[in-house]
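Report on the following structure.
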Amino acid sequence: DGGITQSPKYLFRKEGQNVTLSCEQNLNHDAMYWYRQDPGQGLRLIYYSQIVNDFQKGDIAEGYSVSREKKESFPLTVTSAQKNPTAFYLCASSKSLDTGVAYGYTFGSGTRLTVV
Amino acid sequence: AQKVTQAQTEISVVEKEDVTLDCVYETRDTTYYLFWYKQPPSGELVFLIRRNSFDEQNEISGRYSWNFQKSTSSFNFTITASQVVDSAVYFCALSEARPGYSTLTFGKGTMLLVSP
């Protein structure tokens, strides 16, 4: 079955460490996204990518970095510069953004990151 | 800039009651898309519906129905005869339909608790 796989499900980070969250999709979707979810805050866009080797900052990109070397993969690195990284992180994908049609997103099951 | 407001933070109902979740949006575009997603306790967001700005017909899918009114910029979601399995956080989202750029902006969500 096609879908999005996020790993790990739970991640613990020490202060000052960088950690990388994995996101893989086999839906042949062109676009991929990272959202952060905090209690009572809804989902906020961190980064998104429309094609391989290209990505754009979202609303809260500071302290995060991404790469898109393969169509199927869009890993997110939470750097030590992110002051409050404890949150639930959701990866999503959708069909191409180039048509002017907004397609629904398919979401992964999320990674819960906690700073210890 | 686009914005989605879900004024109801939490709603509690007893099984078999009808419940309406409100969604109000802001956008300057004439062409846009509205979405509803369900987030059960497992964390993964599940797509429920997509509606474009030119289609104001109400839609019904089983116990779910959606009321889209451009005059009031609202896209409300009603669950008829609620069930315990409907307990989840529900998100309304908006996307402008421009080629090459159509990320989703989410509301903060409404937590629905259905008790037996």
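Top to bottom, those sequences are chains Y and D. For what it's worth, this note's numbering labels the leading residue of the first sequence as 145, then goes sequentially. For what it's worth, this note's numbering labels the leading residue of the second sequence as 2, then goes sequentially. For each residue, glycine too, the CB sits at the ideal point set by N, CA and C. In this text the structure is predicted, and so the values were computed from the model without any measurement.
Query	Result
From D:PHE69, D:SER54, D:PHE55, residue whose alpha carbon lies closest to that of ILE61 of chain D	D:PHE69
Within-8 Å CB hit, ALA225 of chain Y to chain D	no
Minimum Cβ-Cβ distance from PHE251 of chain Y to chain D less than 8 Å	yes
Whether LEU105 of chain D touches SER116 of chain D by CB criterion (8 Å)	no
Supposed close pair GLU216 of chain Y, GLN150 of chain Y - CB separation, criterion 8 Å	No, GLU216 of chain Y and GLN150 of chain Y are not in contact; Cβ-Cβ is about 13 Å, not under 8 Å.
Cβ of PHE55 of chain D within 8 Å of any chain Y Cβ	no
ALA236 of chain Y and THR250 of chain Y closer than 8 Å at C-beta	yes
ASP87 of chain D - DSSP class collapsed to helix/strand/coil	helix
C-beta neighbour in chain Y for LEU113 of chain D, strict 8 Å	no
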